[in-house]
Structure formats: C-alpha cells, structure tokens
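Engineer: Here the working numbering is used: position 195 in the sequence shown is 1402, and no number is missing along the way.
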Amino acid sequence: DYYRAVSADVSLVAISDRQRHLAPELNWIATVHNALNLDTWPFSEHKRDYALFLGRFHPEKAPHLALEAAHEIGLSLVLAGRCEGPEEQEYFDREIQPRLGRQDRVFGIADAEAKRALLVDARCLIFPVQWEEPFGMVMIESMACGTPVVALNNGAVSEVIIDGVTGIVCDEPHELGDALKRVTELDPAACRAHVAENFNAPGLATGYSAAYRTAMLRSAPGGPGQHGADR
1208 DYYRAVSADV SLVAISDRQR HLAPELNWIA TVHNALNLDT WPFSEHKRDY ALFLGRFHPE
1268 KAPHLALEAA HEIGLSLVLA GRCEGPEEQE YFDREIQPRL GRQDRVFGIA DAEAKRALLV
1328 DARCLIFPVQ WEEPFGMVMI ESMACGTPVV ALNNGAVSEV IIDGVTGIVC DEPHELGDAL
1388 KRVTELDPAA CRAHVAENFN APGLATGYSA AYRTAMLRSA PGGPGQHGAD R
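Structural data, given as structure tokens:
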C-alpha cells in the first residue's frame, strides 16, 4: 500500500503503538497519540439515561452491536453518524432498521455543536469497532466530556481507555450489555482528567517536534539510519 511504498524514503509517525505493531516493517520513528483542545469540549457529571453510538453506519463500526447491547438492558440508544454510500445504506437497511425500537433515536450526521451536546449528556459512548482502527478520535472526545466509553477490544482501544476507570473494555460482544450497567459506577472527572493528561495539544506538539528532530538526525550524513525508532 501507500505507506509501504514510501516507507524507505519517508519517516513515519504512528498515532498508536497498535498501528506500529501491525506494520513493524515500516519506517516508524515515533508514536504520537492524537489530541484535542480540552477547552473546546464541555463537561458534566450529570448524565441522561441513554447510550450513544457516534460513527459511520458500516459493518466495521458495528452499530448493530450497540443496539443489541442497549436493548439487552432496556437502555435507549441514540445513533448519530453518516449513512451516505450504497454500502452504508444497505447495511443500515439490513442490520439497523429492523433492530430499532421505539426508545431509540437515529440522529443522522451530528455537527460539532450537536456532537458535543450528545456526548456530554450520554451515560456512555458505545464503541463496538470491528476492525484494527489505529486510534478512534471519538473515544477521547467522549472522555473529554466526562462520558466513559464501553468498547470492544480491537485496534487501539486498550491503549486509549483505562479499563475500569475511563471506560470498560470488552473482549466479546455479549459482554457489552453488562458493561452498560457497570459503566455508571465510573467517575466522569477521571475521564476528563485522563484526556487532559494524555491527549493534550501541547503533548502532541512536543511529540511531533521530537519526531521531526529524529528524522533530521537520521537523514543527516553519518546518521544512525532508519529503523529501530523511539516511542
């Protein structure tokens, strides 16, 4: 693919250690997690009694698993996201529409303001991802709002969430329902503090600055070469 084609000539920065692990042959020089400006995200300790799915209507995102888990415990689910191409529409018609209950709500695409309003009020975000997603920005957006994440352990999930503190990480879909019950025991303030400490804009800038310096040193005459880079 593209990254393999350019890897010999270009230094790469991963957005998670999981991304590096899945392609160790590439010329990684650093891992720098994604970040956000916490000041632009609202926070509340008081939540309404619904779970939220926020993402594309696609088998890789698996909102049908979110519906099944929410219905298992009688919890309302709000689904917000894109359903535009034929594959997404076919998936929605086959897997989502038949599962929708009277208590559920399909919001559609949420703009920046609506996304924040949905996240800050939700009991939790459900992230039932079915592929090796290298990060998952919506997880830190949710935690910034004080809303914990219930997720399946794929991609970088266990790297982003502190299991039992800022969310609950499940190995199998059948565990999601019980996790939706237990997630109310988690502290919203701990979720926001985790983002403030680990996914902040200054840290992002520092990480990329260090990666740039590493790349410059490696490309200099007599430099240490390309592989075996730092975290």
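Cβ coordinates follow ideal geometry from the N, Cα and C atoms, glycine included. Model, not experiment: these values are computed from the prediction.
Would you kindly work out how many angstroms separate the C-alpha atoms of His1253 and Trp1338, rounded to a whole number?
Structural biologist: Residue mapping note: residue 1253 aligns to position 46 of the sequence shown, counting from 1. Residue mapping note: residue 1338 aligns to position 131 of the sequence shown, counting from 1. Roughly 32 Å between the two C-alpha positions.
Engineer: For Glu1279, which residues from the same chain have a beta carbon less than 7 Å from its beta carbon, with the 5 sequence-adjacent residues on both sides left out?
Structural biologist: Reading the sequence shown from its first residue, position 72 is the one you call residue 1279. Once the five neighbours on either side are set aside, the close Cβ partners of Glu1279 are Gly1384.
Engineer: Considering only C-alpha positions, which residue in the set His1381, Lys1388, Gly1362 and Pro1380 is nearest to Gly1371?
Structural biologist: For this step, residue 1371 is matched to residue 164 along the sequence shown. Minimum Cα distance to Gly1371 is reached at Lys1388.
Engineer: Tell me whether Thr1391 sits in a helix, a strand or coil according to DSSP, three-state version.
Structural biologist: Start at 1 with the first residue of the sequence shown, and residue 1391 comes out as number 184. Three-state result, Thr1391: helix.
Engineer: Secondary structure at Asn1407, three-state DSSP: helix, strand or coil?
Structural biologist: Your numbering for residue 1407 matches position 200 in the sequence shown. It is a strand residue.
Engineer: Spatial neighbours of Asn1361 within its chain, please: C-beta separation below 8 Å, excluding the five flanking residues on both sides.
Structural biologist: Here residue 1361 is taken as the residue at index 154 of the sequence shown, counted from 1. For Asn1361, where only same-chain residues beyond five positions count, the Cβ hits under 8 Å are Val1336, Gln1337, Trp1338, Glu1339 and Glu1340.
Engineer: Can at least three beta-carbon pairs, one atom from the segment 1275-1292 and one from the segment 1305-1319, be found at a separation below 8 Å?
Structural biologist: yes
Engineer: What does a CB cutoff of less than 8 Å around Asp1311 pick up in its chain, not counting 5 residues either side in sequence?
Structural biologist: Here residue 1311 is taken as the residue at index 104 of the sequence shown, counted from 1. Closer than 8 Å at Cβ, skipping near neighbours: Leu1274, Ala1277, Ser1283, Leu1284, Val1285 and Leu1286.
Engineer: From Arg1190 to Ile1303, what distance separates their C-alpha atoms?
Structural biologist: The chain is shown from 1208 up to 1438; residue 1190 falls before or after that span and cannot be answered.
Engineer: Roughly how many whole angstroms lie between the Cα atoms of Pro1305 and Met1346?
Structural biologist: Taking the sequence shown and counting its residues from 1, the one referred to as residue 1305 is at position 98. Taking the sequence shown and counting its residues from 1, the one referred to as residue 1346 is at position 139. Near 27 Å, if we compare the C-alpha coordinates of Met1346 and Pro1305.
Engineer: If you follow the alpha helix (DSSP H) that Leu1286 is part of, which residue opens it and which one closes it?
Structural biologist: Taking the first residue of the sequence shown as position 1, residue 1286 is located at position 79. Run containing Leu1286: none in the alpha helix (DSSP H); it sits in the beta strand (DSSP E), Ser1283 to Ala1287.
Engineer: Between the Cα of Ala1258 and the Cα atoms of Glu1295, Pro1266, Ala1358 and Asp1246, which residue gives the shortest distance?
Structural biologist: Here residue 1258 corresponds to residue number 51 of the sequence shown, with the count starting at 1. Of the listed residues, the one whose Cα sits closest to Ala1258 is Ala1358.
Engineer: Give me whichever residues DSSP pairs with Phe1260 in a beta bridge.
Structural biologist: If you number the sequence shown from 1, residue 1260 lands on position 53. Leu1286, per the DSSP bridge assignment.
Engineer: Around the Cβ of Met1350, are there at least 16 other Cβ atoms within 10 angstroms (buried) or fewer (exposed)?
Structural biologist: Indexing the sequence shown from 1 puts residue 1350 at position 143. Met1350 comes out buried.
Engineer: Straight-line CA distance for Glu1366 to Ser1426?
Structural biologist: Within the sequence shown, the letter at position 159 stands for residue 1366. Within the sequence shown, the letter at position 219 stands for residue 1426. Using only the alpha carbons, I get a separation of about 30 Å.
Engineer: What is the rounded straight-line gap between the Cα of Ile1222 and the Cα of Arg1323?
Structural biologist: The count along the sequence shown starts at 1 and reaches residue 1222 at position 15. The count along the sequence shown starts at 1 and reaches residue 1323 at position 116. Approximately 23 Å between the Cα atoms of the pair.
Engineer: Excluding the 5 residues flanking Arg1227 on each side, which residues of the same chain have their C-beta closer than 7 Å to its C-beta?
Structural biologist: Here residue 1227 refers to the residue found at position 20 of the sequence shown. Annotation for Arg1227: Ala1221, Trp1235 and Thr1238 place their beta carbon closer than 7 Å to its own, counting only its chain and skipping 5 residues before and after.
Engineer: Residues in the same chain with beta-carbon distance under 8 Å from Ala1422, minus the five sequence neighbours each way, listed in chain order, please.
Structural biologist: Position 215 of the sequence shown, counted from the first residue, corresponds to residue 1422. Hits under 8 Å: Ser1218 and Ile1236.
Engineer: Assuming Arg1225 is part of the beta strand (DSSP E), what are its boundary residues?
Structural biologist: Within the sequence shown, residue 1225 is the residue found at index 18, counting from 1. Secondary structure note for Arg1225: it is in no beta strand (DSSP E), and the uninterrupted alpha helix (DSSP H) holding it is Asp1224 to Leu1229.
Engineer: Among Asp1246, Leu1261 and Gly1414, which residue has its Cα nearest to the Cα of Leu1325?
Structural biologist: To locate residue 1325, count along the sequence shown from 1; it is residue 118. Closest by C-alpha distance to Leu1325, out of Asp1246, Leu1261 and Gly1414, is Leu1261.
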